[in-house]
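Trainee: The numbers in this note's numbering rise by one with no breaks, and the one at position 51 of the sequence shown is 52.
Don't be surprised by glycine CBs; every beta carbon is placed ideally from N, CA and C.
Keep in mind it's a predicted model, so treat the numbers as computed, not measured.
Following this message is one structure expressed as structure tokens.
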Amino acid sequence: MNKIISLYILIILFLAGCNLELSEEVDVKPAITLERIDISVSSSGIRGTSKLTMRKGNKKAFVAVGYYSDHSSKVLTDLSIWRSNNKNIGYFVEPGQLIGKALGFIKITATKDGVTSNTV
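This is how it looks when you write it as structure tokens:
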């Protein structure tokens with residue numbers, strides 16, 4: 002009888018030491034990743050045309066918008082690396098600000114976190 006009572010007490014102590022409540026669920030959210038970047042000319046009044054013209058020395062503002070895996074979006078203009086494929090024609094001195102240098106055609110992209118935008 003003492004063995005049964007001792008075993009019973011041992012089981013109760015063991016169960017009391019265990020957390021009988023359901024363990025808390027940890028809300029693990031998937032990492033939000035940048036999926037694409039769209040760039041465009043900022044309010045330039047060039048609606049209806051795919052060509053942008055500017056004079057030597059003038060600046061033109063561009064905007065970059067990033068789209069994320071959680072379906073959110075964010076303006077990334079200041080956070081992106083801007084590139085012109087020909088710095089002899091136009092170049093960036095600050096994020097999103099293109100300066101015209103000479104007559105010609107260039108392609109512009111923005112990159113952030115390994116994602117490259119559409120080409121303008």
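Who does V116 pair with in a DSSP beta bridge?
Mentor: Residue numbering aside, residue 116 sits at position 115 when the sequence shown is read from its first letter. Answer is K113.
Trainee: Locate the beta strand (DSSP E) running through G91, then write down its first and last residues.
Mentor: Taking the first residue of the sequence shown as position 1, residue 91 is located at position 90. Run containing G91: G91 to E95, per the beta strand (DSSP E) assignment.
Trainee: Between S44 and chain C, is any beta-carbon pair separated by less than 8 Å?
Mentor: The chain inventory of the structure shown lacks chain C, comprising one protein chain alone.
Trainee: Rounded to the nearest angstrom, what separates W83 and E36 at their Cα positions?
Mentor: As a first step, residue 83 must be located in the sequence shown, where it is residue number 82. As a first step, residue 36 must be located in the sequence shown, where it is residue number 35. C-alpha separation (whole angstroms): 17 Å.
Trainee: One question on the structure: do G91 and I107 come within less than 8 Å of each other, judged by their Cβ atoms?
Mentor: Within the sequence shown, the letter at position 90 stands for residue 91. Within the sequence shown, the letter at position 106 stands for residue 107. Yes. Within cutoff.
Trainee: Report the CB separation of G105 from N86 in whole angstroms; it is logged as a contact under 8 Å.
Mentor: Position 104 of the sequence shown, counting from 1, holds the residue named residue 105. Position 85 of the sequence shown, counting from 1, holds the residue named residue 86. Between N86 and G105 the Cβ distance is about 10 Å, and since that is not below 8 Å, they are no contact.
Trainee: Taking only the alpha-carbon atoms, compute the straight-line gap between K4 and I13 and give it to the nearest angstrom.
Mentor: Stepping through the sequence shown from its first residue, residue 4 is reached at position 3. Stepping through the sequence shown from its first residue, residue 13 is reached at position 12. Distance between the alpha carbons of K4 and I13: 14 Å.
Trainee: What residues in its chain sit with their C-beta under 7 Å from that of A62, if we drop five residues either side in the sequence?
Mentor: Position 61 of the sequence shown, counted from the first residue, corresponds to residue 62. Excluding residues within five positions, the ones whose Cβ falls inside 7 Å are S43, G97 and Q98.
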